[in-house]
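At position 54 of the sequence shown the residue is numbered 471 (our numbering), and the sequence of numbers has no breaks.
Working notes, beginning with the structure itself.
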Amino acid sequence: MAVTISAIALFGLITIILIRTQRLTTLIALPVFLFGFTAASTGLAGPVNDAMNAIAQMVTNLT
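So this is what it looks like as structure tokens:
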């Protein structure tokens, strides 16, 4: 019998465990969650991608 779990649930659980054991700070966890939404292509992937693109454009325009 095969057991499946979505990538976003798996990485989310790993990230939560790392934060609770203080192996990962909240600031470092943010990119992990953003990558999870992007990689899993959930309903929130579009807005997350748009936000990351906007941030990248903002950084590009600063120079």
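Here a beta-carbon is modelled for each residue, glycine too, at the ideal position from N, C-alpha and C.
For threonine 477, the enclosing alpha helix (DSSP H) begins and ends at 462-479.
Close CB contacts of valine 449 within its chain, under the 6 angstroms cut and outside five residues either way in sequence, are with Thr432 (chain order). In this structure, alanine 426 sits away from isoleucine 436, with a CB-CB distance that is not shorter than 8 angstroms. With 16 or more other Cβ atoms from the protein chains shown falling within 10 Å of its own Cβ, glycine 453 counts as buried.
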